[in-house]
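Q: For the sequence shown, full-length UniProt numbering gives the first residue as 1, with consecutive numbering after it. In this text, a Cβ means the ideal position worked out from N, Cα and C, and glycines have one as well. No experiment lies behind these values; they were computed from the predicted model shown. Here it is, the structure, as structure tokens.
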Amino acid sequence: MLRIGMLTSGGDCQALNAAMRGVAKGIFSKVKDVEIYGFKDGYKGLIYSDFKMMTDRDFSGILTTGGTILGTSRQPFKLMREPGEDGIDKVEAMKHTYHKLNLDCLVVLGGNGTHKTANLLREEGLNVVTLPKTIDNDLWGTDMTFGFQSAVDIATDTIDKIHTTATSHSRVFIVEVMGHKVGWVTLHAGIAGGADIVLLPEIPYDLDVVVKSIQKRADAGKRFTIIAVAEGAITKEEAEMPKKKLKELQEKKKKKYPSVAYELAEKIQNKCSQEVRITVPGHTQRGGSPCPYDRVLSTRLGAAAAEMILKKEFGYMVAIREDKICKVPLKEVAGKLKTVDPKAGIIKEAKMVGISFGDEM
Ligand code: F6P
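Structure below.
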């Protein structure tokens, strides 16, 4: 008898169901005597022993569905180590559930925070296999995370739609794109959607350069400017601030502006005669059906995870590098962020076709 625990943790994204289906189908195709324990709402389910038994039927018809059939939640990594208000030592509780159910391994689908906890559980002796999910694409060790391409499609579609209204008006449009502290989604959607200015956390911007770029377009007879701004974008001054001061400033700004696009809009409006408009697609970027690329990627990763489980290879994240599926030790993944390299070819090429990153004229 093979006993597998499975959970999805952190913010959801497209193709979580497709990935779980890949794991389950891969296992069921080789072994019949299997029990899958689906933990509800992420690590919470493991902590509080809240699970449902899953059969092969549970994994049918979910390749194309969004969200996660198990539910998910965010569990701050820091809280995992210490008893919270409920007095429960969460790590001990998770270990207890794992051993009580006599699990052979735990399959965890998640992003950065999730991987820190998965690695902690590995250190505590549990057999863990993880799959890289997040629209942010910021997991170290894999070229691509599932969810990313689907989010890029949605953000691109937003910019496309803004383009048609932008051509009718002489305005500056700001589209705020998700991505937490990194700019992968913004960069790709910005290029794909033909944004004129792309602002990323990895390339701190100069407001004067942004305004001059808008003016340059207006002087050249271009009626509009579209700016794709990452939700984590920062200015050059902010990037040079001591961390503590920056944190204080960001706290202040959180009270004043709903998000970065509003602050940017106000600053541009103060220096620019064109009207400024804001679009924040927000969680739509994580919603809906996964795009074909993500369906393929998550199926491949899921099947590879199944193979690893059958071979009893634990303590790894399944990853994709140069289109090859591989395994990366969890201890190497945990706590590292994969950011956009400002010197990467893609930035140079984007600049060559006229995209401004707000850093230089
Ligand atoms: O990590 C995925 C993500 O969508 C980020 O891009 C975004 O910053 C964050 O999650 C939003 O989190 P929440 O869904 O908790 O508001």
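Which runs of the beta strand (DSSP E) fall wholly inside the segment 192 to 257 and span at least 3 residues, in chain order?
A: Correct list: 197 to 199, 225 to 230.
Q: Should T72 and G113 be called a contact, given that it needs their Cβ atoms to be closer than 8 Å?
A: Cβ distance not < 8 Å, so T72 and G113 don't count as in contact.
Q: List the whole-angstrom C-beta distance separating F51 from G45, where the pair is believed to meet the contact cut-off of C-beta under 8 Å.
A: Their Cβ separation, rounded to whole angstroms, is 6 Å, which keeps F51 and G45 in contact under 8 Å.
Q: At which residue ranges does the segment 121 to 180 contain complete alpha helix (DSSP H) runs of 4 or more residues, listed in the order of the chain?
A: With a minimum length of 4 residues, the continuous alpha helix (DSSP H) runs that stay inside the segment 121 to 180 are 148 to 168.
Q: Does the beta-carbon of H283, which I'm using as the reference point, lie nearer than 7 Å to any heavy atom of ligand 1?
A: It does: the Cβ of H283 is within 7 Å (strictly closer) of some heavy atom of ligand 1.
Q: For L199 and E123, I'd like the C-alpha separation in whole angstroms.
A: So the alpha carbons of these two residues sit roughly 39 Å apart.
Q: Given a threshold of 16 other Cβ atoms within 10 Å of its Cβ, counted over all protein chains shown, does M352 qualify as buried or as exposed?
A: Classification for M352: exposed.
Q: Given a threshold of 16 other Cβ atoms within 10 Å of its Cβ, counted over all protein chains shown, does Q274 qualify as buried or as exposed?
A: So Q274 counts as buried.
Q: Output needed for D239: all residues of its chain with C-beta closer than 7 Å, excluding positions within five of it in sequence on either side, in chain order.
A: Note that residue 239 is Ala in the sequence shown, not Asp. Within the same chain, A239 has close Cβ partners P204.
Q: Under 7 Å: does the beta carbon of D136 sit that close to some heavy atom of ligand 1?
A: The answer is yes for D136.
Q: Along the beta strand (DSSP E) that carries I4, what are the first and last residues, could you check?
A: Here the beta strand (DSSP E) through I4 covers 2 to 8.
Q: I'd like to know if the segment 338 to 351 and the segment 150 to 159 are in contact, where contact means that at least 3 CB-CB pairs between them fall below 8 Å.
A: Not touching, per the Cβ criterion.
Q: DSSP three-state label for E275, please.
A: In this structure, E275 counts as strand in the three-state DSSP scheme.
Q: Say the cut is 7 Å; is the CB of H115 nearer than that to a heavy atom of ligand 1?
A: Flag unset: Cβ of H115 not near ligand 1.
Q: Using 8 Å as the threshold, is the C-beta distance between V128 and I309 below it?
A: No, these two residues do not count as a Cβ contact at 8 Å.
Q: Keeping to the same chain, check which residues put their C-beta closer than 6 Å to that of G288; ignore five residues upstream and five downstream.
A: Answer for G288: G66, listed in chain order.
Q: Hey, P132 and A319: beta-carbon distance below 8 Å or not?
A: Yes. Within cutoff.
Q: Count the other C-beta atoms from every protein chain shown that fall within 10 angstroms of the C-beta of T158, then say buried if there are 16 or more, exposed otherwise.
A: Burial call: buried.
Q: Tell me, to the nearest whole angstrom, how far the beta carbon of K253 is from that of E263; I am working on the premise that it is less than 8 Å.
A: 6 Å between Cβ atoms; contact.
Q: Can you name, in chain order, every residue of its own chain whose Cβ lies under 8 Å from the Cβ of G84, other than the five neighbours on each side?
A: Around G84: K90.
Q: Since M94 is in the alpha helix (DSSP H), which residue starts that stretch and which ends it?
A: That run of the alpha helix (DSSP H) goes 90 to 100.
Q: If you reduce the DSSP assignment to three classes, tell me which class F314 lands in.
A: Coil at F314, not helix or strand.
Q: Okay, do the segment 161 to 178 and the segment 318 to 332 touch, 3+ Cβ pairs below 8 Å being the bar?
A: Contact fails: fewer than three Cβ-Cβ distances are below 8 Å.
Q: Please tell me whether K311 and G232 are closer than 8 Å, where the distance is taken between their beta carbons.
A: No; because the gap between Cβ atoms is not below 8 Å, this pair is not in contact.
Q: Let me make sure I understand the geometry here. Which of K236, T235, I234, Q215 has the alpha-carbon closest to that of I226?
A: With distances taken between Cα atoms, I226 lies closest to Q215.
Q: For P292, does the three-state DSSP call read helix, strand or coil?
A: It is helical.
Q: Identify the residues that DSSP records as bridge partners of K30: which are they?
A: K30 is not bridged to any residue.
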